[in-house]
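Worksheet: one structure, shown below.
Residue numbers (my numbering): 22 to 124.
See the structure below:
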């Protein structure tokens with residue numbers, strides 16, 4: 022039994038497939054993904070470059086924000102495979118809604 026996806030689910034599936042294509046690309050795997058991971062894991066500041074405590078705190082906040090954004094991008098792209106799998110299973114009728122009444 023096939024289940025039709027809603028228009029928003031179809032659009033989400035399409036976008037997730039594009040992200041999955043991106044994640045399979047060597048540019049993502051060998052360049053951008055490692056670079057983003059390094060920003061998440063090693064955003065070190067050199068306190069000697071800050072002229073004041075306020076400037077150091079500002080630089081810390083900017084580095085933290087960049088690391089958070091990099092982490093969100095990584096998670097967003099990596100979630101595409103799970104979304105594609107889910108929507109394709111739903112289309113094939115392999116996903117059931119446990120909370121629907123009378124089905």
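All C-beta atoms in this analysis are idealised placements derived from N, C-alpha and C, irrespective of residue type, glycine included.
Distance check between residue 91 and each of 36, 40, 57, 82 places 57 closest, using alpha-carbon atoms only. Counting only the Cα atoms, residue 84 lies some 17 Å from residue 95. Across the structure, residue 71 and residue 80 are spaced so that their CA atoms are roughly 8 Å apart. Residue ranges of uninterrupted alpha helix (DSSP H) with 4 or more members, entirely inside the segment 39-117 and ordered along the chain, are 54-62, 74-99, 101-112. Rounded to whole angstroms, residue 46 and residue 73 show a C-alpha spacing of 43 Å. Here residue 78 is exposed, its C-beta having fewer than 16 other C-beta atoms within 10 Å. Between the alpha carbons of residue 30 and residue 108 lies a gap of roughly 7 Å.
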